[in-house]
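From first to last, the protein sequence lines are chains A and B.
Just so we're aligned, residue 9 is where the first sequence starts under the numbering used here, counting upward by one.
Just so we're aligned, residue 9 is where the second sequence starts under the numbering used here, counting upward by one.
Don't be surprised by glycine CBs; every beta carbon is placed ideally from N, CA and C.
From a predicted model like this one, the values you see are computed outputs, not experimental measurements.
There are 2 protein chains.
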Amino acid sequence: MLDALFRPKSVAVIGASNRELTIGYRIVQNLVDSGYKGPIFTVNPKAPFVKNFVAYKDIREVPLDVDLAHIIVKNTRVSAEIEKCGQKGVKVVIVNTAGFREIGADGIKLEEEMLAIAKKYGIRVFGPNCQGVMNSDPEVRAYCNFTFTKMVPGTISVMAQSGGVGEVINNRLYELGLGFRMYASYGNQSDINATEILEYWGNDPGTKVILLHIETLSDAAGFAKVAAEITKQKPILAMKTGRTKLGAKAVSSHTGGMMGVDTSTSLLLEKCGILTFDDEEELCQAARALSALPVAAGNRLAIITNTGGPGIIVTDEIIERGCEMAELSFDSQEILRENLYAEASIANPVDVLATATPEHYQLAAETLMKDPNVDIVFVNFITPFFVDTEGVARGLVEVAKDASKPMIVVAMTEKEGWATTLKIFADAGIPTFDMPEVGGRVAASLARYAQLKQRHDSTPVSYADVDPSVASRLIDKTRSAGRQFMSQSDAFSLLDAYGLPVIANSEVSDMAGALAAAAEIGYPVTLKVESEDVVHKSDAGGVLLNLETDKAVEKAFADLNRTFPSSQVFIQKYLNPGVEVMLGAHRENTELGHVLAFGLGGIFVEVLKDVVFKLNPLSKEDIAAMVRGIKGYPILAGIRGQEGVDLEKIEEFIGRLSILLHNHPEIEEMDLNPIFVYPRGQEPGLVDVRIKLS
Amino acid sequence: MLDALFRPKSVAVIGASNRELTIGYRIVQNLVDSGYKGPIFTVNPKAPFVKNFVAYKDIREVPLDVDLAHIIVKNTRVSAEIEKCGQKGVKVVIVNTAGFREIGADGIKLEEEMLAIAKKYGIRVFGPNCQGVMNSDPEVRAYCNFTFTKMVPGTISVMAQSGGVGEVINNRLYELGLGFRMYASYGNQSDINATEILEYWGNDPGTKVILLHIETLSDAAGFAKVAAEITKQKPILAMKTGRTKLGAKAVSSHTGGMMGVDTSTSLLLEKCGILTFDDEEELCQAARALSALPVAAGNRLAIITNTGGPGIIVTDEIIERGCEMAELSFDSQEILRENLYAEASIANPVDVLATATPEHYQLAAETLMKDPNVDIVFVNFITPFFVDTEGVARGLVEVAKDASKPMIVVAMTEKEGWATTLKIFADAGIPTFDMPEVGGRVAASLARYAQLKQRHDSTPVSYADVDPSVASRLIDKTRSAGRQFMSQSDAFSLLDAYGLPVIANSEVSDMAGALAAAAEIGYPVTLKVESEDVVHKSDAGGVLLNLETDKAVEKAFADLNRTFPSSQVFIQKYLNPGVEVMLGAHRENTELGHVLAFGLGGIFVEVLKDVVFKLNPLSKEDIAAMVRGIKGYPILAGIRGQEGVDLEKIEEFIGRLSILLHNHPEIEEMDLNPIFVYPRGQEPGLVDVRIKLS
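Shown next as structure tokens:
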């Protein structure tokens with residue numbers, strides 16, 4: 009429980025200062041300014057008082073109990089202060105001081121020392137190297153932080169890995185009149201981490217929406233578990249930065265981490281039902297809508313507009329972001345036709361015309377709210393001088409207040425002149441957006457959230473006929489031979505144990521064996537060198553395809569033997585080329601499942617990077633989305649009237665691979681490339697597999 | 009000259025009204041509120057006065073000269089009022105009234121009638137179905153418009169096809185403290201059109217930046233000519249809406265036009281050196297920077313930040329938008345290392361740390377301004393409580409004020425508390441942006457503008473050895489035969505006349521001819537049916553490839569003869585397959601050059617839509633950008649260490665085709681698909697060509 013952190017009954021500031029341009033001054037000032045509801049104690053060995061407060065030389069001199077203590081002294085002196093806090097019975101410390109793990113070996117030592125002392129006394133540690141926390145609950149009003157955003161109670165809680173990003177978000181929420189519920193920027197997470205805070209907010213009835221800024225996740229598995237539960241109840245929105253290579257490099261130099269562009273974190277967020285954003289403004293505006301409006305049931309929008317051009321802007325925005333323009337029902341169209349101006353456009357966007365009356369708006373909004381083809385009603389409203397705009401606002405509020413569908417209102421206006429009109433919306437709790445693009449993006453976020461809600465309960469695929477024991481034995485065999493790469497024949501056997509289609513094959517060491525194997529497998533066959541050292545076998549001349557006779561096999565074996573002396577030779581049935589696809593898997597984060605990659609083979613992967621990634625385990629829906637998510641999907645589905653390939657077989661292949669990887673985390677990397685896929689009814693043909701163990 | 013429109017010495021309002029919720033009231037009120045510098049006359053046959061003005065029954069009763077008259081009467085009465093204006097000697101009318109061309113046949117008739125009368129008297133007409141114009145020049149202050157944006161003099165002029173979009177932009181410029189110079193929303197453009205206004209603003213010294221909102225262009229060629237001249241002097245920024253199919257459909261229902269997604273307008277804007285945007289906010293922010301800052305010389309950014317997270321956001325934004333992170337010079341790095349905090353990061357982004365002093369900022373900014381590897385200096389500045397932020401602002405202003413490079417400042421702050429800091433920037437004319445994403449996008453716009461400036465003077469390619477007369481003769485021949493599609497052999501001859509590589513070919517009508525032609529061309533050959541009726545020849549069995557013997561030719565000829573009786577047969581040298589590319593051309597707008605399309609052949613075009621479009625004529629730079637612009641470019645350049653294809657030959661091919669199309673606007677569509685391209689030194693091999701004449 010983090011009550012001592014977020015709802016402290018008393019706060020001490022160790023390192024409080026009278027010098028204005030210091031953190032030790034600012035935290036005291038912020039606690040006072042925010043109207044903190046408990047006693048504040050300042051600790052400073054030299055000053056008799058700090059601001060209006062008696063300053064104690066030592067935390068142990070404080071005459072009352074202390075729930076929370078800020079520590080702002082030099083990094084080398086933090087441990088000593090924690091020792092004193094322990095003796096005093098402090099429950100939680102916020103170590104704002106930097107100079108710990110983030111600076112390298114010396115800092116790691118200091119951090120471990122500090123944690124050991126805290127542990128001895130049962131003190132929880134927030135930080136070090138952090139901003140702090142805030143809680144705007146009117147019963148608490150704890151501004152345990154040195155930032156500048158004014159505290160206004162709200163329903164959105166914000167957690168930021170970067171304090172700078174957190175502050176930009178908080179300040180924007182303030183400007184939008186939303187305030188915040190709680191805030192945390194946790195620094196090094198030496199003890200209290202993002203997962204624990206997330207869980208606390210999940211249980212906080214005052215938090216309606218959670219906003220996250222994430223650079224890297226430290227406790228990915230724990231985080232995922234908690235987040236997936238919370239997103240069933242309330243929306244979590246996340247901004248993940250460092251999405252370009254150079255951005256990721258900047259993250260790594262900033263956090264001292266060593267991450268590349270980190271695919272698994274983004275995939276994980278998606279998997280937990282978290283709505284992700286690339287833009288702080290969009291994040292804040294979506295949070296605004298999600299904290300105020302009903303949840304949408306789908307992605308079909310109906311637009312009411314009194315101005316053509318901005319209606320087109322909305323249409324462009326929402327279509328590009330995966331929404332649909334609702335087909336209005338026949339009944340809706342009839343009602344609109346009978347009641348709007350004759351020149352009004354009753355298709356979607358419904359153009360009520362610039363001179364539309366309050367009655368026109370209200371009727372149009374009511375009609376679209378009732379239309380079963382509409383999930384989101386979008387009102388694009390410019391405020392002409394010659395219209396009773398306050399009447400329009402009252403009419404729309406009337407419709408929105410009891411509606412089960414969200415209404416997005418874009419109010420394009422001069423904010424001082426039309427303050428009363430805007431206030432009618434604000435008083436009714438209906439957010440208004442000032443530009444059509446902003447409203448369009450918010451609508452698209454509501455639609456994405458609808459989709460995430462629907463996907464939420466999908467379960468991982470499973471197959472009864474898989475044999476983990478065979479697979480484990482093969483993995484152990486490779487490991488005990490001191491190898492990291494599995495042999496071709498073991499790799500094929502491993503796949504076979506999971507019911508994946510494996511073609512006839514054999515591993516041989518001499519010419520006679522090769523000929524016998526070829527006879528048993530049946531011509532044509534392919535011969536490959538079996539060697540851990542040869543990575544690109546084809547390029548090195550280690551693969552000889554489509555051998556049709558004994559004589560061809562003899563020559564091929566001799567050639568391989570000459571080029572790669574004393575290597576084993578792998579022999580397999582030659583497959584007729586089909587459409588090439590590839591599957592890959594790797595573990596980016598050992599706490600999480602493998603990242604799976606699916607794409608068309610060859611240049612589609614190498615040049616066009618036409619690949620879809622998902623984080624294992626996978627549901628049926630995930631697999632379908634993977635196969636359909638590549639740009640080259642039409643090639644699989646069939647183009648120019650030709651028959652496509654057997655999609656179900658591809659999906660089963662991916663499903664079985666997903667189980668295999670889930671059961672065997674020892675697999676570090678796996679490449680199945682190419683896999684030939686064929687028309688309906690034919691099993692996929694796996695040509696080559698590479699399995700690397702951890 | 010449009011002085012009577014934009015700098016009217018007097019304004020009359022025909023249809024002025026005392027009813028507040030009318031356009032006739034609002035225009036009078038807006039003229040008064042804006043402080044218009046000339047006399048205002050109201051015309052109303054029933055009221056003795058309108059607001060504070062004597063109302064005349066008839067414009068002819070007005071005792072002084074009238075430069076400009078608004079007409080706001082019913083559509084059927086507009087012509088009569090223009091007749092009276094003519095008798096009075098009015099120079100220009102703004103017809104706000106709707107119900108003309110946009111409503112169909114009846115409206116077209118009214119519009120033509122009105123124009124004829126205006127022409128008789130030499131009156132220029134603005135509109136109908138329009139908002140009007142504004143000029144904030146302190147000597148004029150003409151608010152001839154019924155919208156709500158307050159008039160504040162600025163240097164940005166705004167022209168909007170959609171009055172709604174124009175108003176959103178104007179209002180946003182007002183909120184940003186920029187105001188506007190002039191404004192026009194022109195409605196049906198029955199007489200005065202966008203081109204003429206653009207030219208007027210090009211010559212207006214008070215206009216530093218021009219913003220356009222465009223749905224469709226009516227006078228594309230004239231517009232292009234004027235715009236291309238202006239962009240050499242001052243930036244034009246454009247927002248083109250209707251970019252998705254449904255958005256375009258909404259444009260067409262809104263304007264009564266019939267356009268699909270309109271590629272040529274977007275290409276034209278690019279060609280004229282116009283910077284295009286998809287987002288009004290981004291458009292306004294870019295205009296703000298371009299009106300205030302020096303022009304950037306390139307796209308290399310150096311970032312100074314005092315907060316890691318927002319620095320990463322900027323990096324992501326600019327990299328995704330085609331900028332580069334500058335490699336700081338050795339000297340710069342040394343200076344930064346010596347003068348900043350020891351823990352500061354001196355790579356790019358330069359992290360000066362949260363506690364950086366004003367001297368740190370000033371020194372870092374100065375150093376980056378002087379670095380020859382840096383084109384744009386980007387300052388990402390969060391305002392901590394414990395920093396002298398006013399000192400930082402003064403230091404940065406010191407550097408920016410005489411710099412020849414732009415400095416983008418993102419000031420992340422609470423705007424009331426840090427008003428003085430923000431004012432230091434504002435007073436020095438340095439725009440500040442409140443979010444890192446916004447600043448990043450503005451920086452990317454400056455870099456794009458730098459690129460457009462550099463490309464501006466590229467000239468169309470030309471070749472001396474082309475023969476338009478042969479080509480014209482072949483086109484005439486096809487036309488006089490009453491055909492729209494050229495025969496294969498004529499099409500090949502046409503290409504040959506422009507020096508395009510054409511393989512040996514012949515058209516034959518009997519077996520003997522086929523055999524003789526094959527012998528002359530040399531085996532292997534390909535036979536194709538020659539028929540205008542068969543569109544997909546291959547699919548219909550009309551193409552027989554790689555025939556190696558007389559016997560094969562005999563059989564092929566017989567087969568074709570059976571399937572397509574009495575059709576001619578086209579015979580050509582069979583080409584060994586190379587890398588497939590395709591070229592296409594079509595005329596979307598008869599006022600403009602052809603739209604050329606280049607891509608890899610087959611599924612790359614059909615499935616992946618990996619195509620680059622350009623508007624003819626093309627410069628060398630255009631062609632290079634086309635070839636390098638497709639995602640599949642690495643396939644042409646050579647992948648996996650293999651030799652690529654001869655890029656120069658592809659570029660020459662495109663260049664010659666560009667000239668051909670430029671010389672022969674009668675060509676409506678042209679498809680060259682596939683073209684085989686080969687390694688260095690080999691001519692491209694054109695397999696199939698289809699030419700459709702207009």
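Is the shortest distance between the beta-carbon of residue i and the beta-carbons of chain A less than 8 Å?
i, result
"THR249 of chain B", "yes"
"GLY601 of chain B", "no"
"PHE154 of chain B", "yes"
"MET267 of chain B", "Residue confidence is low: MET267 of chain B scores 38 on pLDDT, short of 50, so the model does not pin down where it sits. Its coordinate-derived value is still stated next. No, because no Cβ of chain A sits closer than 8 Å to the Cβ of MET267 of chain B."
"PHE389 of chain B", "no"
"ASP324 of chain B", "yes"
"GLY609 of chain B", "no"
"ILE116 of chain B", "no"
Taking only beta-carbon positions, decide if residue i is within less than 8 Å of chain B.
i, result
"MET420 of chain A", "yes"
"LEU616 of chain A", "yes"
"PRO585 of chain A", "no"
"MET333 of chain A", "yes"
"ILE282 of chain A", "no"
"GLY264 of chain A", "Confidence at GLY264 of chain A is low in this model, with a pLDDT of 42, below 50, so its placement is unreliable and no value can be given for it."
By the DSSP assignment, the alpha helix (DSSP H) with residue i in it spans what residues?
i, result
"LYS700 of chain B", "Counting along the chain, LYS700 of chain B falls outside any alpha helix (DSSP H), though it belongs to the beta strand (DSSP E) covering 697 to 701."
"HIS710 of chain B", "With chain B running from 9 to 702 in the structure shown, residue 710 of chain B is simply not present."
"THR397 of chain A", "397 to 409"
"GLN576 of chain B", "Here GLN576 of chain B belongs to no alpha helix (DSSP H); instead the beta strand (DSSP E) covers 576 to 581."
"PRO682 of chain B", "Premise fails: PRO682 of chain B lies in the beta strand (DSSP E), 675 to 685, not in any alpha helix (DSSP H)."
"HIS670 of chain B", "655 to 671"
Thinking residue i and residue j are a contact (beta carbons under 8 Å), I'd like their distance in whole angstroms, please.
i, j, result
"LEU482 of chain A", "LEU508 of chain A", "Their Cβ separation, rounded to whole angstroms, is 13 Å, which puts LEU482 of chain A and LEU508 of chain A out of contact at 8 Å."
"TYR506 of chain B", "ILE611 of chain B", "No, TYR506 of chain B and ILE611 of chain B are not in contact; Cβ-Cβ is about 29 Å, not under 8 Å."
Just to confirm the assignment, what range does the beta strand (DSSP E) spanning residue i have?
i, result
"SER193 of chain A", "190 to 193"
"SER514 of chain A", "513 to 516"
"CYS152 of chain B", "150 to 152"
"MET142 of chain A", "140 to 143"
Give the interface partners of residue i over in chain A, defined as CB-CB distance under 7 Å, in chain order.
i, result
"VAL445 of chain B", "It is worth fixing the name first, because residue 445 of chain B is Glu in this sequence and not Val. By Cβ distance, chain A contributes ASP287, GLU288 and GLU289."
"GLU328 of chain B", "THR252"
Just the chain B side, please: which residues come within less than 8 Å of residue i by C-beta, in chain order?
i, result
"HIS221 of chain A", "GLY317"
I want to see whether chain E comes within less than 8 Å of residue i, judged by CB atoms only; does it?
i, result
"THR252 of chain B", "Annotation note: the requested chain E is absent from the structure, which comprises protein chains A and B."
Would the C-beta of residue i count as close to the ligand ATP, meaning under 7 Å from any of its heavy atoms?
i, result
"CYS152 of chain A", "The ligand content of the structure shown is nil, which means the ligand ATP is not present either."
Chain B partners of residue i, CB-CB under 9 Å?
i, result
"ILE22 of chain A", "Residues of chain B passing the Cβ test: none, with the nearest at roughly 17 Å."
"ASP73 of chain A", "Result: empty, since nearest Cβ-Cβ is about 29 Å, beyond 9 Å."
"GLU398 of chain A", "None at all; the shortest Cβ gap to chain B is about 12 Å."
Closer than 8 Å by beta-carbon distance: list the chain A residues that pair up with residue i, in chain order.
i, result
"ASP498 of chain B", "The contacting residues do not exist; ASP498 of chain B stays about 28 Å from chain A at best."
Counting only Cβ pairs nearer than 7 Å, list the residues of chain B close to residue i.
i, result
"PHE394 of chain A", "LEU29, THR30, ILE31 and ARG34"
"GLY255 of chain A", "ILE320, THR323, ASP324 and ILE327"
(message) Against chain B, which members of the region 157 to 181 of chain A pass a CB distance test of less than 9 Å?
(response) THR157, LYS158, ALA168, GLN169, SER170, GLY171, GLY172, VAL173, GLY174, GLU175, VAL176, ASN179 and ARG180
(message) Closer than 7 Å between beta carbons: that is the criterion. Which residues of the region 28 to 39 of chain A meet it against chain B?
(response) LEU29, THR30, ILE31 and ARG34
(message) Using a Cβ-Cβ cutoff of 9 Å, what residues of the region 553 to 576 of chain A are near chain B? List them in chain order.
(response) none
(message) Please list, in chain order, the residues of the region 631 to 644 of chain B that have any C-beta partner in chain A closer than 9 Å.
(response) LYS639, GLY640, TYR641, PRO642 and ILE643
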